[in-house]
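With the working numbering applied, the sequence shown corresponds to residues 94 to 476, in that order.
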Amino acid sequence: MVGRVPEPIGHLRGPRMVAVLDRRALNRATLARQFLLERVDRPATDLVSHLAGLQAQTTHSWYVAFQNRLIRPDPEEVGRLLTDGALVRMSLMRSTLHLVTPEDARALRSVTREVMARDLRNSRHGRATVGVDHAAVVARGRELLEERPLTARELGERLGEDWPDVPGEHLAYVVRCLLPVVQTPPRGVWGASGRPLLAPADRWTGLDMEVEPDRKGLVLRHLAAFGPASVRDVQAWSGLTRLKAVVEGMRDRLVSFHDERGVELFDLPEAPRPGPDVPAPPRFLYDFDNLLRAHADRSRVISDEGLRRIAVRNGMPPATVLVDGAVAATWRVLRGTAPVVEVAPFAPLPSGEAERVAEEGLALLAFLRPDRDDGRIEFVTPG
94 MVGRVPEPIG HLRGPRMVAV LDRRALNRAT LARQFLLERV DRPATDLVSH
144 LAGLQAQTTH SWYVAFQNRL IRPDPEEVGR LLTDGALVRM SLMRSTLHLV
194 TPEDARALRS VTREVMARDL RNSRHGRATV GVDHAAVVAR GRELLEERPL
244 TARELGERLG EDWPDVPGEH LAYVVRCLLP VVQTPPRGVW GASGRPLLAP
294 ADRWTGLDME VEPDRKGLVL RHLAAFGPAS VRDVQAWSGL TRLKAVVEGM
344 RDRLVSFHDE RGVELFDLPE APRPGPDVPA PPRFLYDFDN LLRAHADRSR
394 VISDEGLRRI AVRNGMPPAT VLVDGAVAAT WRVLRGTAPV VEVAPFAPLP
444 SGEAERVAEE GLALLAFLRP DRDDGRIEFV TPG
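Next up, the structure:
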């Protein structure tokens with residue numbers, strides 16, 4: 094259960110009296126189920142499962158998602174869960190690396206299989222392997238990875254022994270996309286480092302990865318974590334296409350609204366929708382937080398101007414700060430003798446918000462550097 098639902102928030106319009114959720118109401122509904130309105134006391138694995146995974150293509154920045162959502166975040170415990178296999182990192186939604194439970198690794202990988210295959214087809218690796226027997230490459234890749242975990246580079250070199258006319262990086266990418274693989278620890282473990290080694294997901298988790306894909310289940314997972322949402326929102330988050338018919342077949346299980354632009358939104362009847370007037374405290378998000386990647390229309394959490402400000406060309410977005418529920422600044426940890434979080438607001442912060450942001454920033458520093466008590470927050474003048 095994701096919580097008991099109050100009466101739908103918004104005004105009514107049209108002959109069918111469809112409730113309209115404005116941007117602020119959508120913002121609060123999504124933040125409530127993201128646990129960004131109020132921290133919760135839940136196990137780390139429960140949080141990861143509820144959120145349908147954390148995007149985790151960096152080695153450690155995603156640990157901030159535990160700090161900003163849990164009452165008692167423990168990065169050491171999360172690292173142990175990763176080491177013990179209770180959490181795994183593998184490519185799933187949008188063909189990006191995610192931290193998930195083993196059970197979700199199986200469920201989500203089965204339904205995003207076509208996303209991974211499309212990624213390969215549309216990539217330079219796919220073009221370079223036209224005419225190559227992909228099934229044979231995958232079978233040989235599995236044999237090699239079952240011997241011992243390998244990096245993509247090592248895997249490509251070994252595969253190149255059997256396909257000498259194809260560069261190894263392309264062969265390794267075929268395996269990465271078509272064979273469910275996990276990135277093994279100590280890579281990603283808090284306070285540790287390691288090479289990006291790959292291993293077959295079924296061997297690592299002990300679970301059969303070949304299960305029937307459940308598209309309806311994927312829609313429900315998205316709504317529980319990011320709803321209310323349109324069909325395009327679910328597609329943007331997952332990387333899947335042609336979900337309209339799937340959602341249409343679920344109408345009897347869902348409630349529907351419209352946003353201010355008239356777009357139909359779907360939601361779980363029992364999901365929290367607390368209303369637009371609920372306070373939203375400042376929260377520091379990590380660089381790849383899925384909150385900013387879960388909707389085709391991201392206006393509920395960031396303005397068009399905000400999107401322009403965080404747009405990057407190198408694929409590495411900045412970490413951001415929520416103020417009154419919306420992205421209002423970026424942040425980074427400065428290198429130096431004392432731990433410092435630099436906050437760069439897009440515009441002058443409203444009265445009192447700077448103090449609340451600073452307080453939250455110090456809590457973040459206490460999480461990142463528990464060995465130091467001399468941390469401080471520095472604000473960059475908006476420009």
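Each residue gets a CB set at the ideal place from its N, CA and C atoms; glycine is no exception.
Just so we're clear, the structure is a prediction, and the values are computed from it rather than from any experiment.
With DSSP as the reference, identify every bridge partner of residue i, one or two as the case may be.
i	result
Gln148	His191
Gln127	None, per the DSSP bridge assignment.
Ala329	BP columns for Ala329 are empty, so no partner.
Arg469	Val433
Alpha carbon to alpha carbon, how far is residue j from residue i? Give it in angstroms, no decimals.
i	j	result
Arg335	Val204	13 Å
His224	Tyr266	The amino acid at residue 224 is misidentified as His; the sequence shows Gly. So the alpha carbons of these two residues sit roughly 15 Å apart.
Arg386	Leu185	14 Å
Gly172	Gly146	15 Å
Asn161	Arg214	37 Å
Gly332	Ala158	22 Å
Phe359	Gly320	7 Å
Asp466	Asp177	31 Å
Ser392	Gly284	36 Å
Asn120	Trp330	17 Å
Val98	Leu313	Low per-residue confidence applies at Val98: pLDDT is 34, beneath 50, and the placement is therefore not dependable, though the value from the model is reported in the following sentence. In a straight line, the C-alpha of Val98 is about 16 Å away from that of Leu313.
Arg165	Phe128	13 Å
Leu238	Gly299	15 Å
Val259	Leu248	13 Å
Arg425	Thr277	27 Å
Arg132	Leu163	5 Å
Leu243	Arg211	24 Å
Val208	Ala122	28 Å
Closer than 7 Å by C-beta to residue i: which residues in its own chain qualify, once you throw out the five before and the five after it? Chain order, please.
i	result
Ala451	Ile470
Arg449	Pro374, Pro375
Arg106	With a pLDDT of only 41 at Arg106, under the threshold of 50, the placement of this residue in the model should not be trusted, and no figure is reported.
Ile395	Leu385, Ala419, Val420
Arg288	Thr244, Arg280
Shortest alpha-carbon distance to residue i belongs to which of the options?
i	options	result
Val231	Leu415, Thr244, Pro411, Arg269	Arg269
Ala373	Arg393, Asp345, Glu353, Val416	Val416
His227	Arg211, Gly249, Leu264	Leu264
Pro443	Pro375, Met183, Val193, Gly310	Pro375
Gln150	Ala421, Pro293, Val327, Val275	Val275
Leu458	Val436, Ala440, Thr298	Val436
Glu254	Ala317, Glu303, Arg401, Gly234	Gly234
Ser188	Arg116, Ala221, Asn407, Pro273	Pro273
Note down, in chain order, each residue of its chain lying with its Cβ closer than 6 Å to the Cβ of residue i, except the 5 sequence neighbours on either side.
i	result
Pro410	Asp380, Ile403
Gly399	Val420
Glu250	Gly261
In terms of residues, what are the limits of the beta strand (DSSP E) holding residue i?
i	result
Trp424	419-427
Leu378	376-378
Arg182	181-184
In the DSSP assignment, find the unbroken alpha helix (DSSP H) run with residue i in it and report its ends.
i	result
Thr298	294-298
Thr138	137-143
His315	308-319
Glu448	446-461
His218	217-221
Glu170	168-177
Val275	No alpha helix (DSSP H) contains Val275, which is instead part of the beta strand (DSSP E) from 274-276.
Under 8 Å Cβ to Cβ from residue i, same chain only, skipping five residues before and after it: list those, please.
i	result
Glu169	Trp283, Gly284
Thr194	Thr138, Val141, Ser142, Ala179, Leu180, Val181
His104	With a pLDDT of only 41 at His104, under 50, the local geometry of the prediction cannot be trusted, and the value read off the model is given with reservation. Excluding positions up to five away in sequence, the list reads Ala112, Val113.
Val371	Arg121, Ala125, Leu130
Pro136	none
His191	Gly146, Leu147, Gln148, Ala149, Arg182, Met183, Ser184, Leu185, Leu201
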